[in-house]
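Trainee: Residue numbers (the working numbering), protein chains in the order written: chain Y, 10 to 284; chain H, 10 to 284; chain G, 10 to 284. Think of the CB as a built atom: it goes at the ideal place given N, C-alpha and C, for glycine as much as any other residue. All figures in this text were calculated on a predicted structure; none of them were measured in a lab.
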């Protein structure tokens, strides 16, 4: 991965903004590599649940330079038997607990892309029972950023914890059923339906002939937010290439009263004349 | 602007703390310029409303080094016809949507200080319909930080969107009526009345003879917070050189039940004997 | 302290995430030292109350490299007669208001470790009445990071404001009474009982024979979170080496309805058979 010490390290945690945990992890990294460039990727992910963080990571990492080290800590099993792991994918490195958080990344990375981190000589000693972000993951990232090769940290494993993000299901030729994976800061509802899924459905008609049904409401698929009236719902291919339900200049999650896990159906207008 | 790649880039958005949007913008910038020094200016500005962010930007930018590039993204019109623009002012550079957010900066910058950004070769391709912070503004800032001159990005325009922050009005010789522009983290109410406005009113008497009337309450103008009793309201020339209403060791916004847009009147004690 | 300009500067404030205050402080520092490495330690500490921040600082600083400059701003007396001070401890530097915030650090630093900052030539002029983070503490930190020696900023003082964090009290040989000092993002209740205090109590029996009583509930002391069932309370030696009360995969503060200042008692199971 080269020997330039100015490597980027991103931090993704469920630590919120209400604690010095993130700052302390940065201190540990800078103690090891004073030239590391540390970026907060996201600290507001759902506490104790690795699946939202897994979605954020797999849709965000590619915007960082090759060689970036991504540290992901959503770790309810900290201190127990769950292993720390290191994964490689597309020239990026990932460290975190083996609880599914790195599952989708590892699937992309392919065989032999995941290692159990066992080299305790890289850890901060003594390792606490509650904060491996500080004692294990931050120092491992620091040493990786100095150029230590992944094989120094442990052996490849195949039995890491999979976490398959829910896939949309196509019911007949004319509709797709999906699910809300993430609610963003504006209340936009990010679904698990990718742009490519819609293209299949819309292959014989324009994508704008499709409508979304969610929570008893109907929303048109448009090209950008301002194509619906302020206060009205719509759907758009969002920045992560997934369909998002929005309310123009409003909060879709609050107005439609739906959150993570809610179901939506996409169909052509004629096939199902609306709710 | 020199060719030192360690240029400061600030980020001002309405993305809050609850999303990876800001982190992803940093990834895009570091991919283009690994030596950029990225600073979070503020991400808690009112969503969908550029006027508060415009106030924050115009009162904050001068504390950064000359040559700093300020990226401002409050962008409800993203994906639609609103243009991306680049403004220069006092040796600082500003990029953001043309929706008034950069209006007060552009007014200060004077004629020919604003350009429409049209050079799509600097954008991340494909440009999404919902996240120009990532696809347009971050990469433009990254290239500016490498030394690309503003004229590479587009032609000067004069018809950018103005946004004039509300000015206080002087009623007679003895009072000024102003408005709350911003409520800070402590509940302090930042008004649009500058220190200079007060000096005009107080020219023939000490400034401390003036009183503020707001929400049926009266507050003295003092030199610092601790000059009023804990729990009592006061007013002080704040750090941005605007008058601020506060409650000592308390939250003025909650205790007085006022927020952005509320009116206040400043007068001499004798002229208007209080509410 | 060396003359490498890439010194780490941490920021600890009660500014929350809802204001540009922190960003502006970074601008002031980078104007003075463009090579400073600025880290957010924590901005969510209780407003107007230096005692929680003092606890955070004294338990966090040692994870940063020697020579780090820690800027701490919880400053309800800003603009009044309280002094700005500079403390040294363990090769780290600390700047902040003299209101107890740096008291525990100064106690550790020993005699002559604290100076009143009086060298106004280092301040941003004019110094505002409300924001010494920007006008005093940030520029002092910037100049310290360039290698200016502490004695350039003012004379040693001995009469700085002490702030002694509450100590646990041992009642007889079999129980300790302590207090909650901090509630973290997960609702974990961080107590003032250190690992060493427990070892004294448990010297003749295993630590796991001890139980915690708090808010009418009993919690076992375990080695890590997952040793109790999801939803059940427990206690663990936390990452700062203090005992923490938690609810596995839940929020102890909400479920037990306790917060900062609440009392807890630790005893052996047989001595006090539970609440």
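1) Can you tell me whether residue 75 of chain G is buried or exposed, with buried defined as 16 or more other CB within 10 angstroms of its CB?
2) Considering Cα atoms alone, identify which of G:34, G:139, G:69 is closest to residue 98 of chain G.
3) Taking a contact to mean a Cβ-Cβ separation below 7 Å, would you say residue 17 of chain H touches residue 46 of chain H in this structure?
4) Consider the Cβ of residue 60 of chain Y: report whether some Cβ of chain H lies at a distance smaller than 7 Å.
5) Any beta carbon from chain Y within less than 7 Å of residue 137 of chain H's own beta carbon?
6) Return the first residue and the last residue of the beta strand (DSSP E) that residue 277 of chain Y is part of.
7) Taking residue 56 of chain G as the query, report the chain H residues whose CB atoms sit under 7 Å from its CB, ordered along the chain.
8) Cα separation between residue 218 of chain G and residue 229 of chain G?
9) Any contact of the stretch 104–118 of chain H with the stretch 131–138 of chain H, i.e. 3+ C-beta pairs under 8 Å?
10) Should the stretch 192–208 of chain G be regarded as contacting the stretch 261–271 of chain G, the criterion being three or more beta carbon pairs within less than 8 Å?
11) Roughly how many angstroms lie between the CA atoms of residue 285 of chain Y and residue 200 of chain Y, to the nearest whole one?
12) Is residue 11 of chain Y helix, strand or coil when you go by DSSP?
13) Would you say the stretch 51–59 of chain H touches the stretch 79–86 of chain H, given that touching needs at least three Cβ pairs under 8 Å?
14) Here's the rule: buried if 16 or more other CB atoms are within 10 angstroms of the residue's CB, otherwise exposed. What is residue 28 of chain G?
15) So residue 1 of chain H is in the alpha helix (DSSP H); what residue range does that whole segment cover?
16) Which residue's Cα is closest to the Cα of residue 277 of chain G: G:268, G:211, G:25?
17) Within 10 angstroms of the Cβ of residue 20 of chain Y, are there 16 or more other Cβ atoms? Answer buried if so, exposed if not.
18) How close, in whole Å, do the beta carbons of residue 245 of chain Y and residue 231 of chain Y come, if the pair is a contact with beta carbons under 8 Å?
19) Determine, using beta carbons only, whether residue 84 of chain G comes closer than 7 Å to chain H.
20) Exposed or buried, what is residue 23 of chain G when buried is set at 16 or more other beta-carbons lying within 10 Å of its beta-carbon?
21) For chain G, check one thing: does any of its Cβ atoms lie closer than 7 Å to the Cβ of residue 53 of chain H?
22) Can you tell me whether residue 173 of chain H is buried or exposed? The criterion is at least 16 other CB atoms within 10 Å of its CB, across all chains shown.
23) Give the list of continuous beta strand (DSSP E) stretches no shorter than 3 residues that lie fully inside the stretch 128–190 of chain Y.
24) Could you tell me the distance, in whole angstroms, from the CA atom of residue 178 of chain G to the CA atom of residue 187 of chain G?
25) By the 10 Å Cβ neighbour count, where 16 or more other Cβ atoms means buried, how is residue 12 of chain Y classified, buried or exposed?
26) On the DSSP letters alone, give me the boundaries of the beta strand (DSSP E) that residue 64 of chain G sits inside.
27) Residue 69 of chain Y versus chain H: which residues are under 8 Å apart at the beta carbon?
28) I'd like the list of long-range same chain contacts for residue 249 of chain G, defined as Cβ closer than 6 Å, with 5 residues on each side in sequence excluded.
29) Using the beta-carbon of each residue, which ones in chain H are nearer than 9 Å to residue 233 of chain Y?
30) Could you check whether the Cβ of residue 247 of chain G sits closer than 7 Å to any Cβ belonging to chain Y?
31) Applying the criterion that 16 or more other CB atoms from any shown protein chain within 10 Å of the CB defines a buried residue, is residue 273 of chain Y buried or exposed?
32) Report back the beta-carbon spacing between residue 112 of chain H and residue 170 of chain H to the nearest angstrom; my notes put them in contact at under 8 Å.
33) Is there a Cβ of chain H sitting closer than 7 Å to that of residue 215 of chain Y, yes or no?
34) Less than 8 Å between C-beta atoms, sequence neighbours within five positions excluded: which residues of the same chain meet that for residue 2 of chain H?
35) For the beta strand (DSSP E) containing residue 103 of chain Y, list its first residue and its last residue.
36) Which residues bound the alpha helix (DSSP H) around residue 263 of chain H?
Mentor: On the basis of the data shown:
1) When all chains shown are included, residue 75 of chain G counts as exposed.
2) When each option's Cα is compared against that of residue 98 of chain G, the closest is G:69.
3) Yes.
4) no
5) Yes, its Cβ sits closer than 7 Å to a Cβ of chain Y.
6) 272–277
7) The answer, in chain order, is 195.
8) 8 Å
9) no
10) yes
11) The question about residue 285 of chain Y has no answer here: the residues shown for chain Y are numbered 10 through 284.
12) Unreliable placement is indicated for residue 11 of chain Y, whose pLDDT of 43 sits below 50; the coordinate value is still reported in the next sentence. Residue state, collapsed to three classes: coil.
13) yes
14) buried
15) Beyond the ends of chain H as shown, which are 10 and 284, falls residue 1 of chain H; an answer cannot be given.
16) G:211
17) buried
18) 6 Å
19) no
20) buried
21) The beta carbon of residue 53 of chain H sits closer than 7 Å to some beta carbon of chain G.
22) exposed
23) 178–180
24) 7 Å
25) Interpretation of residue 12 of chain Y is limited by its pLDDT of 48, a score under 50 that renders its predicted location unreliable; the figure taken from the coordinates is listed afterwards. Burial call: exposed.
26) For residue 64 of chain G, no beta strand (DSSP E) segment is defined; the enclosing uninterrupted segment is the alpha helix (DSSP H) at 59–69.
27) Those are 29, 32, 33, 36, listed as they occur along chain H.
28) 68
29) 86, 87, 88, 89, 138, 139, listed in chain order.
30) So yes, residue 247 of chain G belongs to the interface.
31) buried
32) That pair is a contact at about 6 Å.
33) Cβ-Cβ to chain H under 7 Å: no for residue 215 of chain Y.
34) Outside the shown range of chain H, which is 10 to 284, sits residue 2 of chain H, and nothing can be said about it.
35) 101–106
36) 261–265
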